[in-house]
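In our numbering, the protein residues as written are 219 to 1022. We put the beta carbon where it would ideally sit given N, CA and C, even for glycine. Source: prediction; values computed, not measured. Below: one structure, written as structure tokens.
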């Protein structure tokens, strides 16, 4: 078991690192460039910023989409196959040689097979064996449908070893005699065990892991003399004279070739059958310190068929039916070595996927670097880009959040018209930043996973109850079906894929909740942006989105859950013959894996205890996001979430910013930006202007459709419904539009870039006089909301005031 845990940890580490690297590239490919964001806005759509999004995957360039799909598809086989390419094999021997004698046997004492008992191996009839095991399994309360065929458990249907012909004792070179000779010659160097250890190794019957052949040392120093212990008829005495002398001590009592075999009955934990259970005294121990057992009773001796198959012994056994043991000397062959196996087929599949990932990552790195289009990976990247190069599409919508945009998208008759709106300071919680669709799909996925666990747990309880161990092993139950190695791996590891999808959804919710907190902090004071390539007061990002206080616990939870699941359902492979190739089902020999040794058992086991812990941990984990989502957000800032349109609308800064004016005064030439929109040879450049052509409808009203604005229901914001407002926005002057959309000239763009590098705050910022002139017909004074630097006197919005 220790080797198995080591293999799991060591093997899982490169798997996790490889998948983490792949996930990094997938997130970069999933992150849109500014050009792709502008094109989405041009079509009346939006893209996700800072979160893994299937929506993004099919709305970025085709090159990025295909690379993202390749990385996703190549991750699936790694999730399913990698953990089983290298695996521990359980090694348990089945057959062993049992010799019963005294201390003189290993010190040169004479022996005459088959021994002083005059009993051939496999002496018991089928009826005796069946009655023995029928009584044993009677206590298990099994129905007739689950009662095994006891006579087929061992060769010859005997509890005294495998059958041996009497003629095998005629020559010293026969296998039967050589086994005894080798034991007598070598047993002196074997390990000597006491009764308790002997019981655990041979009678407790779990397969042979440490020892194999065994010599039973009896408390009979003088050996066994045939005439002293037997009363034989004349014809029987004549027959035995050619094998066992009548008056000489025989230091061998009994000898047989035995085997242990695993058996599974009614999906219960593995049982064990021992073909020498009768000779070992199965179930008849009086005490481990004074171990006595009935080798065979008088009634069985009286009915014992003679070797010629016709006559019977009429004599009786002189001594007590109980015989004391003075110790045990098993063969010291150490079988505790754990075998580490490798499946070439699985390794080939994983290798191909790793090669695909590596080549894809190299191509992605080269192509994206040549395009010079930085992806907007983090929230700070997007804010910096929209400040440096304001988006004309969202001009005049500084009070709009993601809820307003999604509502307008869902309604065919609703439009978001640029113009002044009243600010309402309604209480908000973090839950509002996670769309309802994300909550729904994520928790449906969680319920599928937990529901599957509950169903399997109930079935396991109804079948066996809480049996077995917490970690994977042969003490647990097995699925009663025959599997090839490939099929067993697919069945045991497919839940790992579902767990990975659940973790991605879980991580996505944490990321969205963290983004809400990160954006809301700009309403409480001046803070620098967190970007991938920091400049000025900006600071470097951590693991793409989540801070370490969240990301590290989430990674630890992910590793723990995957490890827990690997112990809940697992592939069990055993060699050595103890389990055999079909102990959990019929026909498995026909689907055996050619890469494994003969007589290899392949099964899929499950741990009820591990499944119980997995359910409890999962139920606790899914309660954490709702609890975190109840935390309040500031009511003095919009809630854009990850919506690129809402983020763009909130990032129209003022040209009167202190940082911008200082930059224009000091800088003689503008600096380059990582967000500069250079023409891409892979993607056409389109004009960035609103249009009604879009696959998702137009979320902004044109001049002719502005009247539809009166029917929009806003949760936080309401438009000033006056004909003056509509008329003024239909005739919006070019000067005001230009002031709101800096980036048309290098000088203005450099000034805005300087602003993005400062410590920022979101709120009411002062605009030039010509901007206010566009709203001179409004009944109330109109303000502007955006980001400002220290020295700009950024103030929080006032409830009831108009802002554009």
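{"Item": "Which parts of the region 397-442 are runs of the beta strand (DSSP E), unbroken and 3 residues or longer, counting only runs that do not cross its ends?", "Value": "432-436"}
{"Item": "Going by CA-CA distance only, name the one from 834, 397, 843, 276 that's closest to residue 667.", "Value": "834"}
{"Item": "Alpha carbon to alpha carbon, what distance is there between residue 264 and residue 252?", "Value": "12 Å"}
{"Item": "Residue 683: buried (16+ other C-beta within 10 angstroms of its C-beta) or exposed?", "Value": "exposed"}
{"Item": "Under 8 Å by Cβ, that's how I've got residue 703 and residue 298 pegged, so tell me the actual separation to the nearest angstrom.", "Value": "Going by Cβ atoms, the distance from residue 703 to residue 298 rounds to 13 Å, so no, they are not a contact pair."}
{"Item": "Please name the residue, chosen from 254, 994, 383, 283, that lies closest to residue 243 on a Cα-to-Cα basis.", "Value": "283"}
{"Item": "Should the region 285-295 be called in touch with the region 303-320, which here means at least 3 C-beta pairs below 8 Å?", "Value": "no"}
{"Item": "Please list the segments of the beta strand (DSSP E) lying wholly inside the region 266-331, counting only runs of 3 or more residues, in order along the chain.", "Value": "304-309, 313-319"}
{"Item": "Give the range of the alpha helix (DSSP H) segment to which residue 1002 is assigned.", "Value": "Here residue 1002 belongs to no alpha helix (DSSP H); instead the beta strand (DSSP E) covers 1000-1007."}
{"Item": "Just to confirm, is the Cβ distance from residue 783 to residue 729 under 9 Å?", "Value": "no"}
{"Item": "Tell me the DSSP secondary structure of residue 749 in three-state form.", "Value": "strand"}
{"Item": "Say whether the region 763-780 touches the region 653-673, bearing in mind that this needs 3 or more beta-carbon pairs closer than 8 Å, one atom from each stretch.", "Value": "no"}
{"Item": "If you check the beta carbons only, do residue 329 and residue 468 fall under 9 Å apart?", "Value": "yes"}
{"Item": "Can you pull the DSSP bridge partners for residue 473?", "Value": "317"}
{"Item": "Closer than 7 Å by C-beta to residue 248: which residues in its own chain qualify, once you throw out the five before and the five after it? Chain order, please.", "Value": "270, 271, 274, 275, 286"}
{"Item": "Check whether the Cβ atoms of residue 1010 and residue 872 lie closer than 9 Å to each other.", "Value": "yes"}
{"Item": "From 464, 718, 439, 440, pick the residue whose C-alpha is nearest to that of residue 451; which is it?", "Value": "464"}
{"Item": "Is the beta carbon of residue 340 closer than 9 Å to that of residue 393?", "Value": "no"}
{"Item": "On a Cα-Cα basis, can you pick out the residue from 843, 795, 790 that is closest to residue 1027?", "Value": "Nothing can be reported for residue 1027, as the shown portion of the chain is limited to 219 through 1022."}
{"Item": "Specify, as a first and last residue, the run of the beta strand (DSSP E) that residue 978 falls within.", "Value": "978-983"}
{"Item": "Leaving out five residues before and five after residue 440 in sequence, what residues of the same chain have Cβ atoms less than 7 Å from its Cβ?", "Value": "467"}
{"Item": "With H, G and I counted as helix, E and B as strand and the rest as coil, what does DSSP make of residue 390?", "Value": "coil"}
{"Item": "Between which two residues does the alpha helix (DSSP H) harbouring residue 823 extend?", "Value": "Element bounds for residue 823: not the alpha helix (DSSP H) but the beta strand (DSSP E), 819-824."}
{"Item": "For residue 789, report the span of its beta strand (DSSP E) as first-last.", "Value": "787-793"}
{"Item": "Please classify residue 263: does DSSP put it in a helix, a strand, or coil?", "Value": "coil"}
{"Item": "Considering only residues of the same chain and omitting the five flanking positions on each side of residue 858, which have a CB-CB separation below 6 Å?", "Value": "619, 620, 864, 865, 868"}
{"Item": "Do you know how far the Cα of residue 717 is from the Cα of residue 778?", "Value": "11 Å"}
{"Item": "Less than 8 Å between the CB atoms is what I'm expecting for residue 787 and residue 843, so what's the real figure, rounded?", "Value": "With a Cβ gap of about 27 Å, residue 787 and residue 843 do not count as contacting."}
{"Item": "Start and end of the alpha helix (DSSP H) containing residue 591?", "Value": "First-last for residue 591: undefined, no H or E at that position."}
{"Item": "Among 972, 854, 971, whose alpha-carbon lies nearest the alpha-carbon of residue 1013?", "Value": "854"}
{"Item": "Provide the residue span of the alpha helix (DSSP H) that contains residue 718, from first to last.", "Value": "703-738"}
{"Item": "State whether the region 689-697 contacts the region 603-615, with contact taken as three or more CB pairs (one from each stretch) at a distance under 8 Å.", "Value": "no"}
{"Item": "Does the Cβ-Cβ distance between residue 609 and residue 259 come in under 9 Å?", "Value": "yes"}
{"Item": "State whether the region 822-834 contacts the region 985-996, with contact taken as three or more CB pairs (one from each stretch) at a distance under 8 Å.", "Value": "no"}
{"Item": "Taking the straight line between their C-alpha atoms, what separation do you get for residue 656 and residue 262?", "Value": "21 Å"}
{"Item": "Under 9 Å between the Cβ atoms of residue 319 and residue 443?", "Value": "no"}
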